[in-house]
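This report concerns only the one structure given below.
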Amino acid sequence: MEELLEQLLEECRPFTREGKVASYIPELAKSDPAGLGICVQCSDGRHYQAGDAEKRFTIQSVVKPMLLLLALMDNGEEYVRSRVGVEATGKPFDAINMTDQTLLSDHLNPMVNMGAIAMCSLIRGESYEHRYQRLLELVRTLAGDPDIALDEAVYQSERRTGSKNRALAYLLQTYGMLEDDVEQVLDCYFKCCSISVNSRDLARIGFTLANRGKPAQSDQRLFPGRYAHYVNAVLMTCGMYDGSGDFAVNVGVPAKSGVGGGIMAVVPTKMGIGIYSPALDQKGNSLAGIQVLTRLSQRLYLSIF
Ligand code: GLU
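Just so we're aligned, residue 159 is where the sequence shown starts under my numbering, counting upward by one.
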């Protein structure tokens, strides 16, 4: 397996030159566009990696499935579904989904920014700092990595430049979908996006979703299997932004990307895959990362379709 991963990275390395690192968050512009790494966590407990698999980067939107998971664990499925919808948006991650005079909870999707900001308000905690700490703890537990921490520079950079996310949050407030202090909710959202992980962490977290709540490192179920089913279904239809349809056709597994260059892919019952490659395509997905996953899926027959 390690040999196959090395070979795929070599084949796909030229694609890193075709993408661009995100620059709308100034700190992310410092990423090395040539970075490329992969880790695969298998059901026999072993993991395989190649390239920059240990390199840390900010999780960005790959945190959204964990926000959804924690919201489900705190409130149950019915309540979460009543507050945030599940229909694919077919729109960019930061789209303002206003087509007419109303905005309803059914218009929100937890895998794009507006839905994710709304989900921060569903997580339990005495303060928004406490809610963030609980989310961080969940990420550490799922990844089996107690060293996962905040990237302070990226967090400050996002906070300073997050006008579009502010607009989305205030819009939620206008339509009665955000009752708490908007700046505190946003602060929690920015911190969640600025958690620093590596490809191995994403592979392990993806594996718990593939294995209906049980991590590779223990037999203890960390969340109900039904919630893995819920999260994976939403990932399948909306995890790769407005590139989710193409990704379903070409790779065929639930996955989530982030503008930090990460992709977490979930191969139900079989494996979790973590990718790092910060040069992005026009839709904000890791360009070489998608190429690697397309080839890996073809070679190992991973598509669920
Ligand atoms: N923190 C980023 C933002 O809100 C996340 C975007 C992404 O990774 O899709 O703009």
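For each residue, glycine too, the CB sits at the ideal point set by N, CA and C.
Nothing here was measured: the structure is a model prediction, and the numbers come from that model.
Could you tell me which of the options sits nearest to residue i, measuring between CA atoms?
i: Y385; options: D377, S376, A327, K372; result: K372
i: R292; options: T247, D252, I353; result: I353
i: R298; options: L261, G243, A361; result: A361
i: A327; options: R379, D252, M398; result: D252
i: T216; options: A229, S189, Q199; result: S189
i: R175; options: L458, S435, F463, Y459; result: S435
i: V355; options: R318, A211, P191, E185; result: A211
i: P223; options: S357, Q165, V270, K349; result: V270
i: N267; options: S219, Q314, D303; result: S219
i: V312; options: E295, M159, L344, C351; result: C351
i: E295; options: C197, A446, A307, K249; result: A307
i: Y182; options: G418, I433, A192; result: G418
i: Y290; options: D345, Y333, L336, T260; result: D345
i: V343; options: L380, Y286, Q378; result: Y286
i: I433; options: I421, G234, G334, L167; result: I421
Is residue i near the ligand GLU, in the sense that its beta carbon is under 8 Å from a heavy atom of that ligand?
i: S219; result: yes
i: S321; result: no
i: V389; result: no
i: I254; result: no
i: I183; result: yes
i: N271; result: yes
i: G177; result: no
i: F251; result: yes
i: V297; result: no
i: G401; result: no
i: V340; result: no
i: V417; result: yes
i: C278; result: no
i: F468; result: Lying outside 159 to 463, the shown extent of the chain, residue 468 is not represented and no answer is given.
i: I396; result: First, the amino acid is wrong: residue 396 is Cys here, not Ile. Not under cutoff, so the answer is no.
i: F463; result: no
i: E316; result: yes
i: Y466; result: The requested residue 466 does not occur in the structure, where the chain is confined to residues 159 to 463.
i: G442; result: yes
i: C351; result: yes
Over what stretch of residues does the alpha helix (DSSP H) that includes residue i continue unbroken?
i: M224; result: 222-233
i: Y385; result: 383-396
i: V425; result: Not the alpha helix (DSSP H): V425 falls in the beta strand (DSSP E), residues 420-425.
i: Q165; result: 160-170
State buried or exposed for residue i, treating a residue as buried only when at least 16 other CB atoms are found within 10 Å of its CB.
i: D339; result: exposed
i: V407; result: exposed
i: L393; result: buried
i: Q456; result: exposed
i: F348; result: buried
i: L262; result: exposed
i: E316; result: buried
i: I448; result: buried
Kindly indicate the opening and closing residues of the beta strand (DSSP E) around residue i.
i: A413; result: 413-415
i: V355; result: 353-355
i: V432; result: Note that residue 432 is Gly in the sequence shown, not Val. Counting along the chain, the beta strand (DSSP E) containing G432 begins and ends at 429-434.
i: I196; result: 195-200
Under a CB-based cut-off of 9 Å, is residue i close to chain C?
i: I433; result: Although the question refers to chain C, the structure presented lacks it and comprises just one protein chain.
Any 3 or more C-beta pairs closer than 8 Å across the segment 419-438 and the segment 361-374: A contact exists between the segment 419-438 and the segment 361-374.
Contact between the segment 230-243 and the segment 268-285 (3+ Cβ pairs under 8 Å): Taking 8 Å as the limit for Cβ pairs, the verdict is that the segment 268-285 does touch the segment 230-243.
Validate contact between the segment 398-406 and the segment 197-204 using beta carbons, cut 8 Å, 3 pairs: Verdict: no, contact absent.
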